[in-house]
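Trainee: Have a look at this one before I ask anything.
Numbering (the numbering used here), first residue to last: 6 to 333.
Quick look at the structure:
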């Protein structure tokens, strides 16, 4: 299968690309390199540019594309609160341009990078694919909005869409081909690692949520498991969408962990004692949810295989090689 990955030079998109290539698929990358890295496109056909550039999309799709994994998006929650227009323009308007161009070219198979942040919180924090939406940030609302758009388009028969609702990716490609490319990350494991590296305090942002220990509750999934899920989605999309053209699927471990749990796991994995402090929640933060992953097992024959400790270990290994790979 010849697969176009939009945002394929980023952390998640590039790791998906490696998993696709390992499975024997041909990968084409479209990325404007605003956040992605050119190094992550090595060995792949690469088009540099914007996912909303219809002329460029026509050129890319004319090369013959069998399926699209749409990862290109802005993803930082507090930034979306400060710049909602930029987030709606990038994540919604340009994605609509992409969808329209795919329909025009007859490229029907779409795996959409969605998010668990679209869900409303539940009493027990567990969510299934039928749980109600309740996005609490502009970022989350862009993902919910694009799900509605793609569902409507799919129901015309023009597309087959599998929205994969990611939970909280951590780690790196176990072969260290790709990993977090951001030197000053906003995600929690990256902040823990940087605090440890720089001998600085780590602040848990939000400590009065209605969770077992007051910190945010998450479902931390290894990025390689997430990448494998995309391969399974691509290889099963025709079967899964045979009767209904739009089928959302949670991609998580099914195991809840709080931020304090992650801190404890990090300290146990490294033997380092962190100076842990407490602070207020950031704009757009939520208590969190974790996944019921049964749907993915039933439809894709996929389950997460790697542990929280695996994710920490691979993230640390990537941190060691990143200066050689990316220069910082």
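By construction, the Cβ of each residue, glycine as well, lies at the ideal position given by its N, Cα and C atoms. Because the structure is a prediction, the values reported are computed rather than measured.
1) Tell me residue 225's beta-bridge partners as DSSP assigns them.
2) Here's the rule: buried if 16 or more other CB atoms are within 10 angstroms of the residue's CB, otherwise exposed. What is residue 148?
3) Looking only at its chain, what residues have a beta carbon closer than 7 Å to the beta carbon of residue 261, apart from the 5 residues adjacent to it on each side?
4) Could you give the residue range of the beta strand (DSSP E) that holds residue 195?
5) Contact between the stretch 298-306 and the stretch 266-286: three or more CB pairs below 8 Å?
6) In terms of residues, what are the limits of the beta strand (DSSP E) holding residue 284?
7) Can you grab the Cα-Cα spacing for the pair residue 255 / residue 169, in whole Å?
8) Could you have a look at residue 134 and say whether DSSP puts it in helix, strand or coil?
9) Run through DSSP, which three-state label would residue 312 get?
10) Taking only the alpha-carbon atoms, compute the straight-line gap between residue 23 and residue 240 and give it to the nearest angstrom.
11) With distance defined between alpha-carbon atoms, name the residue in 251, 259, 73, 329 nearest to residue 166.
12) Check whether the Cβ atoms of residue 86 and residue 238 sit closer than 7 Å, and answer yes or no.
13) Determine whether the beta carbon atoms of residue 289 and residue 140 lie at a separation below 7 Å.
14) Which value, in whole angstroms, describes the spacing of the CA atoms of residue 232 and residue 21?
15) Secondary structure at residue 62, three-state DSSP: helix, strand or coil?
16) Would you kindly work out how many angstroms separate the C-alpha atoms of residue 315 and residue 227, rounded to a whole number?
17) Along the chain, where does the alpha helix (DSSP H) that runs through residue 100 open and close?
18) I need the DSSP call for residue 84, collapsed to helix, strand or coil.
19) Per the contact definition of three or more C-beta pairs closer than 8 Å, is the stretch 316-330 in contact with the stretch 32-40?
20) Indicate whether residue 49 and residue 65 have their beta-carbon atoms separated by less than 7 Å.
21) Since residue 242 contacts residue 114 with CB under 8 Å, what's their CB separation in whole angstroms?
22) Rounded to a whole number of angstroms, what is the C-alpha to C-alpha distance between residue 152 and residue 119?
23) Nearest to residue 230 by alpha carbon, out of 171, 283, 205?
24) Just to confirm, is the Cβ distance from residue 160 to residue 71 under 7 Å?
25) With the cut-off set at 7 Å, would you say residue 156 and residue 300 are in Cβ contact?
26) Can you list the beta strand (DSSP E) stretches of 3 or more residues lying completely in the stretch 247-301, in chain order?
27) Since I believe residue 132 is in contact with residue 124 (beta carbons under 8 Å), could you give me their beta-carbon distance rounded to a whole number of angstroms?
28) For residue 50, which of helix, strand or coil comes out of DSSP?
29) Quick one: is residue 184 buried, meaning 16 or more other Cβ sit within 10 Å of its Cβ, or exposed?
30) Taking the alpha helix (DSSP H) that residue 334 falls in, what are its first and last residues?
31) Between residue 200 and residue 279, which are expected to be in contact by the criterion C-beta below 8 Å, what is the C-beta distance as a whole number of angstroms?
32) To the nearest angstrom, report how far apart residue 298 and residue 253 are at their CA atoms.
33) Going by DSSP in three states, residue 230 sits in which element: helix, strand or coil?
34) Among 187, 310, 292, 15, whose alpha-carbon lies nearest the alpha-carbon of residue 332?
35) For the putative contact between residue 14 and residue 45, defined by C-beta atoms under 8 Å, what is the C-beta separation to the nearest angstrom?
Mentor: To lay it out plainly:
1) 173
2) buried
3) 130, 222, 224, 295
4) From DSSP, residue 195 is part of no beta strand (DSSP E) but of the alpha helix (DSSP H) over 193-202.
5) no
6) 281-284
7) 6 Å
8) coil
9) coil
10) 15 Å
11) 251
12) no
13) no
14) 4 Å
15) helix
16) 8 Å
17) 99-110
18) helix
19) no
20) no
21) 5 Å
22) 8 Å
23) 171
24) no
25) no
26) 254-256, 281-284
27) 5 Å
28) strand
29) buried
30) Lying outside 6 to 333, the shown extent of the chain, residue 334 is not represented and no answer is given.
31) 6 Å
32) 12 Å
33) helix
34) 187
35) 5 Å
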